[in-house]
Amino acid sequence: MSHHDLLEVQRLDVEADQLSHKRAVLPQRDLLAAAQVERQRLTNEIDQLALTQIEVATRQKRYEDEAQIVAAKIETDEVRLYSGEVTALRDLQALQEEIASLRNRQSDLEDEALTAMEEAESLASQVAALNSEAELIDQRSASLNAEIEAAESDIDAQLETIRSNRGDLEAALDSSLMDDYQRLRPMFGSATVVRFEGGKCVGCPSMMPAMEVDRMKHTTDSDVLSCDECGRIVLL
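Just remember that our numbering sits 157 ahead of the position in the sequence shown, which is counted from 1.
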């Protein structure tokens, strides 16, 4: 196998890096993250409304219970009023005034209970709307997760093919050459291995010194060189 197959190894590594980056930045990931943030906002709002519902329900029951107590008191006083038990005019007037006051109190309590009930109905409608919105977000999130899993599966299959092909190439290449490549790759990335063209190392921004060019030209085609200017692996 030719040393030029190292260029194919490098190409596969670049392709693998690109695929790994693509996998990490799938557009669905940002959409899913945004959906999760919105879902959490809805959950917090629903939870807060649930606490308010408990408070309103408690208040409504208290007003209803108090109204029942007052109604019972009115009933007791009316029995006394019409039973003949109270005969003194002053006492009868006082009892009638108390009944009137209790009726006003009962009316106020019933109004408060009705207000609380209407508030509870409004809260229930808000919660229902938020739950519907949350359900749509959950469906969207499930769809995005499925898209992510499908994309990941496709990319992983491509990466596995690349790893297999790269492994075959690496096994046939000189181990010391591969060691040099692995050592230099973090510095030079996709241009770790370059060709010698036009009197210079393709990886260098400037022309090589004449002596270095002469050395390159007199090297056999199978040799692998190291550029004295940049340190890259140079293939003729």
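We treat Cβ as the ideally placed atom computed from N, Cα and C, and that holds for glycine.
When C-alpha distances from residue 231 are compared across 264, 212, 188, 219, the shortest belongs to 264.
Residue 242: not part of any alpha helix (DSSP H); DSSP gives it neither H nor E. Residue 169: member of the alpha helix (DSSP H) spanning 162-181, first to last residue. Here residue 338 is buried, its C-beta having at least 16 other C-beta atoms within 10 Å. Counting C-beta pairs with one atom in each stretch, the segment 185-204 and the segment 302-315 have three or more that are closer than 8 angstroms, which means they touch.
A direct Cα-to-Cα measurement between residue 168 and residue 351 gives close to 11 angstroms. If you compare the alpha carbons of 273, 196, 248 with that of residue 219, the shortest gap goes to 273. The alpha-carbon of residue 271 is positioned some 10 angstroms away from that of residue 277. With fewer than 16 other Cβ atoms inside 10 Å of its own Cβ, residue 250 counts as exposed.
Just measuring C-alpha positions, the residue of 295, 269, 196, 319 sitting nearest residue 214 is 269.
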